[in-house]
Amino acid sequence: MVSMSAPARILVVDDEPFNLEIIGEYLDGHGYELTMARDGVEAWACLEDSGREFDLLVLDRMMPRLDGMELLRRVRRTPRLSGLPVIMQTAAATPDQVREGLAAGARYYLTKPYEPDALLAIVKSALEEAHRNREIQLQVDGMRRAMGSLQVAEFEFATLQQASQLAALASLTAPEPENIVMGLSELMINAVEHGNLAISYAEKSRLRMEDRWQEEVERRLALPEYVDRRARLRIEREPNSIRYTVSDQGAGFEYARYLDFDPGRAFDPNGRGIAMARQLCFRSLEYRGCGNVVTATVEVK
Numbered sequence: 031m032v033s034m035s036a037p038a039r040i041l042v043v044d045d046e047p048f049n050l051e052i053i054g055e056y057l058d059g060h061g062y063e064l065t066m067a068r069d070g071v072e073a074w075a076c077l078e079d080s081g082r083e084f085d086l087l088v089l090d091r092m093m094p095r096l097d098g099m100e101l102l103r104r105v106r107r108t109p110r111l112s113g114l115p116v117i118m119q120t121a122a123a124t125p126d127q128v129r130e131g132l133a134a135g136a137r138y139y140l141t142k143p144y145e146p147d148a149l150l151a152i153v154k155s156a157l158e159e160a161h162r163n164r165e166i167q168l169q170v171d172g173m174r175r176a177m178g179s180l181q182v183a184e185f186e187f188a189t190l191q192q193a194s195q196l197a198a199l200a201s202l203t204a205p206e207p208e209n210i211v212m213g214l215s216e217l218m219i220n221a222v223e224h225g226n227l228a229i230s231y232a233e234k235s236r237l238r239m240e241d242r243w244q245e246e247v248e249r250r251l252a253l254p255e256y257v258d259r260r261a262r263l264r265i266e267r268e269p270n271s272i273r274y275t276v277s278d279q280g281a282g283f284e285y286a287r288y289l290d291f292d293p294g295r296a297f298d299p300n301g302r303g304i305a306m307a308r309q310l311c312f313r314s315l316e317y318r319g320c321g322n323v324v325t326a327t328v329e330v331k
């Protein structure tokens, strides 16, 4: 994988030459290095080549020889590729098909035909998330041994950067930090942007589409009504478990809507983090009150 300062390398897979051409035109001039594959077999050959690294996979669902779902399953079963972000593009999808794709690891969906801005927003969001996750993982690797004996701790944080850095540190208290760090980061980032800064789901979707999300976060952090707000992380180790409680000073939200994958939100540039954290990272995930307190639990054997 490359850094954000180098051109992001994107593998685009579609069995229709016209679709490949259109995607190439949409992404041209935005600093991406594109590789085109005409079906799943050709794409898998590119991915299997250990000398080639990709930062993002843009994948068509319906293809001959090797379809998008089977290619996605191969990617997720391969340790070297398992963290590769995937955008699934499809002409039509039933709710069950969308659930299947999300469960298999396609965190982003695009419905054909789509406008250039929709593709660019999804690509940017996926690459930023992947970059953040890699940075967190590097921090995890560097601090692993120092946190294993921690029993109880409490931290405050206010910015997205602090949330990501603290998530990396806190994950080291778990037996397998790499399994929880992304979920913990999602919960803590939510506490900042949706909790303390009151950025709604719809607002974040719009800001992502307009490429103004980071700008708006920084703007709100400086506003008088938000500048003194803090979120908190409390870690408590028990004989057979570790609890991570994240709280913020916001008004809460309808958290029940976000605990499971919702096909209706699959095509938005955001909105999957809580469901991913609940299903993939923790033994349990429980919100309390109005939704501004959440406790995630991992098992300790």
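In the working numbering, the protein residues as written are 31 to 331.
All C-beta atoms, glycine included, are put in the ideal place defined by N, C-alpha and C.
query = Is DSSP giving ALA197 helix, strand or coil here?
reply = The count along the sequence shown starts at 1 and reaches residue 197 at position 167. It is helical.
task = To the nearest angstrom, report how far apart ARG95 and VAL182 are at their CA atoms.
result = Residue 95 sits at position 65 when you count from the first residue of the sequence shown. Residue 182 sits at position 152 when you count from the first residue of the sequence shown. Rounded to the nearest angstrom, the two C-alpha atoms are 53 Å apart.
query = Does the Cβ-Cβ distance between ILE265 and THR203 come in under 7 Å?
reply = Counting from one through the sequence shown, the residue named residue 265 turns up at place 235. Counting from one through the sequence shown, the residue named residue 203 turns up at place 173. In contact: ILE265 and THR203 (Cβ atoms closer than 7 Å).
message = For the region 161-170 against the region 71-84, do three or more pairs of beta-carbon atoms, one drawn from each stretch, fall closer than 8 Å, so that the two count as touching?
response = no
message = Residues in the same chain with beta-carbon distance under 8 Å from ARG318, minus the five sequence neighbours each way, listed in chain order, please.
response = Counting from 1 along the sequence shown, the entry for residue 318 is found at position 288. Here the set comprises VAL324, THR325.
request  = Look at the alpha carbon of CYS320 and the alpha carbon of ALA281, and state the distance between them as a whole number of angstroms.
outcome  = Walking along the sequence shown from the start, residue 320 turns up at place 290. Walking along the sequence shown from the start, residue 281 turns up at place 251. Approximately 7 Å, taken between the alpha carbons.
message = When you compare the CB positions of LEU251 and PHE185, do they come within less than 7 Å of one another, or not?
response = If you number the sequence shown from 1, residue 251 lands on position 221. If you number the sequence shown from 1, residue 185 lands on position 155. Going by C-beta atoms, LEU251 is not nearer than 7 Å to PHE185.
ask   = If we call anything under 7 Å between Cβ atoms a contact, is LEU89 one with VAL43?
value = Taking the first residue of the sequence shown as position 1, residue 89 is located at position 59. Taking the first residue of the sequence shown as position 1, residue 43 is located at position 13. A contact, by the Cβ cut-off of 7 Å.
ask   = From what residue to what residue does the beta strand (DSSP E) around LEU310 run?
value = Within the sequence shown, the letter at position 280 stands for residue 310. Unbroken run through LEU310: none, as it is neither H nor E.
message = What would DSSP say about ASP241, mapped onto helix, strand or coil?
response = Indexing the sequence shown from 1 puts residue 241 at position 211. Three-state DSSP puts ASP241 in coil, outside helix and strand.
query = In chain order, which continuous runs of the alpha helix (DSSP H) of length 4 or greater are located wholly inside the region 89-117?
reply = 98-107
ask   = Closest by CA to MET212, which one among VAL128, LEU196, ARG104?
value = Numbered from 1 along the sequence shown, position 182 holds the residue referred to as residue 212. Among VAL128, LEU196, ARG104, the Cα nearest to that of MET212 belongs to LEU196.
message = Given a cut-off of 7 Å on the beta-carbon distance, is the pair LEU102 and VAL116 in contact?
response = Indexing the sequence shown from 1 puts residue 102 at position 72. Indexing the sequence shown from 1 puts residue 116 at position 86. Cβ distance < 7 Å, so LEU102 and VAL116 count as in contact.
message = Using 8 Å as the cut-off, can you tell me whether the region 214-234 makes contact with the region 244-258, which would need three or more C-beta pairs spanning the two stretches below that distance?
response = yes
inquiry  = For ASN270, which residues in the same chain have their Cβ closer than 6 Å to its Cβ, ignoring the five residues on either side in sequence?
reply    = Translated into positions along the sequence shown, residue 270 becomes position 240. The residues are VAL330.
message = Quick check on ALA221: does DSSP put it in helix, strand or coil?
response = Working through the sequence shown from its first residue, we reach residue 221 at position 191. It is helical.
ask   = According to DSSP, is VAL257 helix, strand or coil?
value = Locating residue 257 in the sequence shown gives position 227, where the first residue counts as 1. In this structure, VAL257 counts as coil in the three-state DSSP scheme.
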